[in-house]
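>
Numbering (the working numbering), first residue to last: 117 to 318.
1) Between residue 139 and residue 165, how many whole angstroms is the CB-CB distance? I'm expecting something under 8 Å.
2) Can you find at least 3 beta carbon pairs, one from the stretch 203-220 and one from the stretch 168-177, that sit closer than 8 Å?
3) Compare the C-alpha of residue 215 against each of 232, 209, 226 and name the closest.
4) Cα separation between residue 191 and residue 228?
5) Let me know the secondary structure DSSP gives residue 279 once reduced to three states.
6) Please confirm whether residue 315 and residue 296 have their CB atoms less than 8 Å apart.
7) Answer yes or no: do residue 238 and residue 224 have a C-beta to C-beta separation smaller than 8 Å?
8) Evaluate contact between the stretch 302-313 and the stretch 279-287, counting only Cβ atoms and requiring at least three cross-stretch pairs below 8 Å.
9) Rounded to the nearest angstrom, what separates residue 306 and residue 177 at their Cα positions?
10) Examine the Cβ distances between the stretch 120-129 and the stretch 140-159 and report whether three or more of them are shorter than 8 Å.
11) If you compare alpha carbons, which of 153, 213, 290 is closest to residue 258?
12) Along the chain, where does the alpha helix (DSSP H) that runs through residue 249 open and close?
13) Measuring straight from C-alpha to C-alpha, what distance separates residue 236 and residue 230?
14) Please go through the same chain and pick out, in chain order, the residues whose beta-carbon is closer than 6 Å to the beta-carbon of residue 196, but skip the five residues on each side of it.
15) To the nearest angstrom, how far is it from the Cα of residue 270 to the Cα of residue 156?
16) What does a CB cutoff of less than 7 Å around residue 152 pick up in its chain, not counting 5 residues either side in sequence?
17) Exposed or buried, what is residue 302 when buried is set at 16 or more other beta-carbons lying within 10 Å of its beta-carbon?
18) Kindly indicate which residue of 282, 193, 181 has the alpha-carbon position closest to the one of residue 251.
19) With a CB to CB cut of under 8 Å and the five nearest residues on each side skipped, what residues in its chain are close to residue 268?
20) Thinking just about the alpha-carbon of each residue, which of 219, 274, 182, 277 is nearest to the one in residue 242?
Laid out in structure tokens, this is it:
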């Protein structure tokens, strides 16, 4: 359990989660510190290109009443859909299905299903806007303030989405930073320096 949360290698974390019984795609992305259902891990489904940020918690069983009264524990399947992103320290409650191409704002508690192409946030989480609306708003900010942005080839990103045709910032000619130029003052700078040297070497 601890290794599946804290092993430094992402691929190894996925293998350990599958070994525990979690139904998780090899194409999913799981950050450090993610806690996935300990009692009934086989009741959790995480699909291709789903992304779980730092400290996400996913439940599939509810023993709250069972712990204080002679009533059975409830177990429900919890699903994170294709190319959906769960923000840091969010909690997904038992039986919830987060649909495809969805987003959950960091720190949210998701207590009900999230329809495809929807971004939710809050406690409890409610719809904020569609995924397409978020993409267009983000793109507008890239065009308005490119100095804030870094072009990052995220390994957890799906090869395509239904709203790719709406995103044309590259064609606009706007210039953003290369992600290897980013400096954080942490050991990650060493990794970025190595990537930059490799890029220059061709």
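Note that beta-carbon positions come from the ideal geometry of N, C-alpha and C, so glycine has one too.
From the atom records:
1) Here residue 139 corresponds to residue number 23 of the chain shown, with the count starting at 1. Here residue 165 corresponds to residue number 49 of the chain shown, with the count starting at 1. About 15 Å; that fails the 8 Å criterion.
2) Enough Cβ pairs lie closer than 8 Å, so yes.
3) In the chain shown, counting from the first residue as 1, residue 215 sits at position 99. For residue 215, the nearest C-alpha among the options comes from 232.
4) Along the chain shown, read from residue 1 onward, the residue named residue 191 stands at position 75. Along the chain shown, read from residue 1 onward, the residue named residue 228 stands at position 112. Approximately 15 Å between the Cα atoms of the pair.
5) The residue you call residue 279 lines up with position 163 of the chain shown. Three-state result, residue 279: coil.
6) Translated into the one-based positions of the chain shown, residue 315 becomes position 199. Translated into the one-based positions of the chain shown, residue 296 becomes position 180. In this structure, residue 296 lies closer than 8 Å to residue 315 by Cβ.
7) For the purposes of this step, residue 238 is taken as residue 122 along the chain shown, with counting starting at 1. For the purposes of this step, residue 224 is taken as residue 108 along the chain shown, with counting starting at 1. Contact: yes.
8) By the Cβ test, the stretch 302-313 is not in contact with the stretch 279-287, since fewer than three Cβ pairs between them sit closer than 8 Å.
9) On the chain shown, residue 306 is found 190 positions in, with the first residue counted as 1. On the chain shown, residue 177 is found 61 positions in, with the first residue counted as 1. Whole-angstrom Cα-Cα distance: 42 Å.
10) yes
11) For the purposes of this step, residue 258 is identified with residue 142 of the chain shown, where counting begins at 1. It is 290.
12) The count along the chain shown starts at 1 and reaches residue 249 at position 133. Element bounds for residue 249: 247-260.
13) Taking the chain shown and counting its residues from 1, one reaches residue 236 at position 120. Taking the chain shown and counting its residues from 1, one reaches residue 230 at position 114. If I take the Cα positions, the gap works out to 8 Å.
14) Working through the chain shown from its first residue, we reach residue 196 at position 80. Counting only Cβ-Cβ distances below 6 Å, and skipping sequence neighbours, we find 162, 166, 214.
15) Sequence index remark: in the chain shown, residue 270 carries index 154 (1-based). Sequence index remark: in the chain shown, residue 156 carries index 40 (1-based). Looking at the two C-alpha atoms, the distance is approximately 31 Å.
16) In the chain shown, the residue the question calls residue 152 occupies position 36. Closer than 7 Å at Cβ, skipping near neighbours: 133, 138, 160, 174.
17) Within the chain shown, residue 302 is the residue found at index 186, counting from 1. With fewer than 16 other Cβ atoms within 10 Å, it is exposed.
18) Within the chain shown, numbered from 1, the residue matching residue 251 stands at position 135. Of the listed residues, the one whose Cα sits closest to residue 251 is 282.
19) Residue numbering aside, residue 268 sits at position 152 when the chain shown is read from its first letter. Taken in chain order, the residues that qualify are 295.
20) Counted from its first residue, the chain shown places residue 242 at position 126. For the residues 219, 274, 182, 277, the minimum Cα distance to residue 242 belongs to 219.
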